[in-house]
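In UniProt numbering, the protein residues as written are 1 to 221.
Next up, the structure:
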């Protein structure tokens, strides 16, 4: 149907936590969504007026910002990286917690050498990374990688990386240490601003339901 709401959710670490939250606000994907052999990206839900799409986290923000999806869930790291003006992030959902950090080889971190004015950093967050180092008067040359960031220092691609950190185990296993925390990260509800104005009758109550649930989860924590 032409006025079907599209709800975008990310593949990966946030999805497992997002599904119970969606269910609590009355959104349940069709059974095929949970079939690991199913390669579809768009699925029906228990709501006749809503479909759900499952895409990469960075693409969730793009689909919603451009109005291809009206609402979604994504990490605040993705929101900060793109800084789309058409993206509204009204609710911190209080899950998917981690941090975006700078890391480097343990021996270099221990040397306490002064930071040069120009550095190379491997990351999938070039915009956040450049802004962060600019505030410190450092020019960051960002090498864009979509994964395996921890390999960059040992293979000579860059001496520093900027990536998401949860336990820090992956860094340790690759001889790296976390040296600076850029920002704390959590999952957020995002909404397309134009869609919210046009279809507030449906999107408004959804936002309120997510907001009430997030407040309930914070009180229970």
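We treat Cβ as the ideally placed atom computed from N, Cα and C, and that holds for glycine.
Computed from a predicted structure; not experimentally measured.
In this structure, DSSP gives residue 136 a state outside helix and strand, which the three-state scheme calls coil. The Cβ atoms of residue 206 and residue 64 lie no closer than 8 Å to each other.
The beta-carbon separation of residue 93 and residue 190, rounded to 10 Å, does not stay under the 8 Å limit for a contact. Looking at the backbone, the Cα of residue 81 and that of residue 30 are separated by about 31 Å. Exclusion of the five residues before and after residue 83 leaves 127 as the residues of its chain whose Cβ lies within less than 8 Å of its Cβ. Counting the other CB atoms within 10 Å of its CB gives residue 22 a total of 16 or more, which places it among the buried residues. Here residue 70 is buried, its C-beta having at least 16 other C-beta atoms within 10 Å. Residue 10 is a Cβ neighbour of residue 60, given a cutoff of 8 Å.
In the structure shown, residue 36 falls within a coil segment according to DSSP collapsed to helix, strand and coil.
Residue 57 counts as buried, since no fewer than 16 other beta carbons sit within 10 angstroms of its beta carbon. Residue 7 sits close to residue 52, with the two beta carbons spaced by under 8 Å. For residue 6, the enclosing beta strand (DSSP E) begins and ends at 5 to 10.
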